[in-house]
Every structure is written in structure tokens, then in C-alpha cells.
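Written out below as C-alpha cells is the structure these notes cover.
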Amino acid sequence: MIATASMIAVGAVGLSLALTLYRLLKGPDAPDRVLALDTLAINAIGLIVLFGIIFATTMYFEVALLFAMVGFVTTVAFCKFLLRGNVIE
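Here the working numbering runs 947 ahead of the position in the sequence shown, where the first position is 1.
Below, the structure is given as C-alpha cells:
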């Protein structure tokens, strides 16, 4: 039962990744693409956590935590660049 539910969840997150990638490539302007990139990172974190649950190992959770930190910093840097034109003041 858990294996079936986890495979359905992996498929749903995979579909979400594909749709977000489409939005990233076809976004009308730069802020929409930054939001799509952030959503892509969040979906990837969810997929990594699902793999950690499926394979019953804690290594995936540590990777997801690191990926979340890098994704947050990247999103903030892109937003600062779009607003000011530079990242470092």
C-alpha cells in the first residue's frame, strides 16, 4: 500500500516538475521565470524527500536540506538582481 502510494506521489511530483519546466521555458517575463525556478526547486526537494522515504535512508533528507538552502539563496539573489541590477551592494 505504501509502495503504491509513494509511486503515485513520485509520478505526481514528476508531472509537476515537467509542467514547471514548461513554465520556466515559456514564461512571459523574468519575474515569472524566477518564480518558476523557485517552484522547480521546491518540487525537486519534494522528489528527493520521496526518494528518501522509498529507499528508507537519511542521506536523501540531508541532500534535500542542502538543496533547500541553496534554492532559497538563489531565489533571493535573482530577485535582488531583477530589482536593483546587481546582487551585492
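Beta carbons are placed, not taken as given, at the ideal position from N, Cα and C, and that holds for glycine.
Keep in mind the model is a prediction, meaning the values are calculated, not measured.
Where does the unbroken alpha helix (DSSP H) through Met1016 begin, and where does it stop? Met1006 to Arg1031
Roughly how many whole angstroms lie between the Cα atoms of Leu984 and Met948? Straight through space, the alpha carbons of Met948 and Leu984 are spaced by roughly 33 Å.
Is the distance from the Cβ of Leu966 to the Cβ of Ala991 below 9 Å? no
Length at least 4, wholly inside the segment 952-1011: the alpha helix (DSSP H) runs in chain order: 977-1002, all fully within the segment 952-1011.
Contacting residues, own chain, Cβ-Cβ under 6 Å from Met954 (five flanking each side not counted): Excluding its 5 nearest sequence neighbours in each direction, Met954 has no C-beta neighbour in its own chain below 6 Å.
So, do the segment 1023-1034 and the segment 999-1006 have three or more beta carbon pairs nearer to each other than 8 Å? no
With distances taken between CB atoms, is the gap from Leu971 to Leu987 smaller than 9 Å? yes
Whole-angstrom distance between Ala956 and Ala950, CA atom to CA atom: The straight-line gap separating the alpha-carbon atoms of Ala950 and Ala956 is approximately 10 Å.
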